Amino acid sequence: MIVDPLFYLVAIPAVLLNSISKGGFGGALGGTAVPLMAIAISPRQAAGIMLPLLCLTDVVGVRSYFGQWHKPTLKIILPGALVGVAIGTLSFGVLSESAIRLLIGSISVAFVLISWLRRPVAQAARPSRVKGVFWSSLSGFTSFVAHAGSPPLVMYLLPQQLEKTAFIATASLFFMLTNAVKLIPYAWLGQFSVPNLLTSLALAPLVPVGVWLGMWLQKRINQFWFYRITQVGLLLIGAQLIYQGIFSAH
Numbered sequence: 019m020i021v022d023p024l025f026y027l028v029a030i031p032a033v034l035l036n037s038i039s040k041g042g043f044g045g046a047l048g049g050t051a052v053p054l055m056a057i058a059i060s061p062r063q064a065a066g067i068m069l070p071l072l073c074l075t076d077v078v079g080v081r082s083y084f085g086q087w088h089k090p091t092l093k094i095i096l097p098g099a100l101v102g103v104a105i106g107t108l109s110f111g112v113l114s115e116s117a118i119r120l121l122i123g124s125i126s127v128a129f130v131l132i133s134w135l136r137r138p139v140a141q142a143a144r145p146s147r148v149k150g151v152f153w154s155s156l157s158g159f160t161s162f163v164a165h166a167g168s169p170p171l172v173m174y175l176l177p178q179q180l181e182k183t184a185f186i187a188t189a190s191l192f193f194m195l196t197n198a199v200k201l202i203p204y205a206w207l208g209q210f211s212v213p214n215l216l217t218s219l220a221l222a223p224l225v226p227v228g229v230w231l232g233m234w235l236q237k238r239i240n241q242f243w244f245y246r247i248t249q250v251g252l253l254l255i256g257a258q259l260i261y262q263g264i265f266s267a268h
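If you count by the numbering used here, then the sequence shown holds residues 19 to 268, one letter each, in order.
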């Protein structure tokens, strides 16, 4: 079990943010968990610690919005998730720690900048099989590597302008099934070491607290400002990881 105070200084807000996100905002903040933890430990170890916690929050999130997901969209994106997880499994160990930090940081920064620069869409887009498989495969891959699957999925879902509850329910079910599939290759690759599992167990009590806060906030906070503040946080974390990835490679 990890005992470094610096780790818990970043891990506690990481788990809370992830749980708040899953409880009330469709996982939009989930991409911040591993980048935050990666400040104190390796991205691979952070991913191994987070997966059991993600599965716990998934169960609560899906239960809260059961049956309210958008079925036509799920039929397109779920196969893509399996492709992405398979690619992530086959490429595990190929990417260096520096490359992973650069990848996560670049995805985080790109997602925020695209969100800010994209023009508002007047008409909702229809589900597209080609776009859906591409973005969900990328989501499955980045989810496997660093549990950062939210940005690619959100990029696909946002233009559809789904009703808020349907958006949250669709994303929740997508990540519950994706994370469940990831358990098998993660165990095979040795990600569930005793220290990692004990650390996950120590952080687990934060999950129900965060999920409850997320459901409470969803009904009370202005969603525009909630996303804007978290986007700024994700941008700063991404920039920090890019810096670490560049200078740790030399």
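Every residue gets a Cβ at the ideal spot worked out from N, C-alpha and C, and that includes glycine.
Note that the coordinates shown come from a computational prediction; the quantities given were computed from them, not determined experimentally.
Asked                                                                                                           : Found
Euclidean distance between Cα positions of Arg246 and Ser109                                                    : 33 Å
Whether Ile59 touches Phe84 by CB criterion (8 Å)                                                               : no
Tyr83 - containing alpha helix (DSSP H), residue span                                                           : Looking at the DSSP string, Tyr83 is not in any alpha helix (DSSP H), and its letter there is neither H nor E.
Where Gly208 falls, given that 16 or more other Cβ within 10 Å makes a residue buried                           : exposed
Other residues of its chain near Met194: CB distance less than 6 Å, five sequence neighbours each side excluded : Asp76 and Val80
Where the alpha helix (DSSP H) containing Pro97 begins and where it ends                                        : Lys89 to Leu108
Integer-rounded CB distance, given that Thr217 should sit under 8 Å from Ile20                                  : 5 Å
Own chain, CB closer than 6 Å to Ser37, minus 5 neighbours either side, in chain order                          : Thr75, Val225, Gly228 and Val229
Beta-carbon proximity check, Gly102 vs Ser154, cutoff 8 Å                                                       : yes
N-terminal and C-terminal residue of the alpha helix (DSSP H) that Gly232 is part of                            : Leu224 to Arg238
Coil, strand or helix - Met19 by DSSP                                                                           : coil
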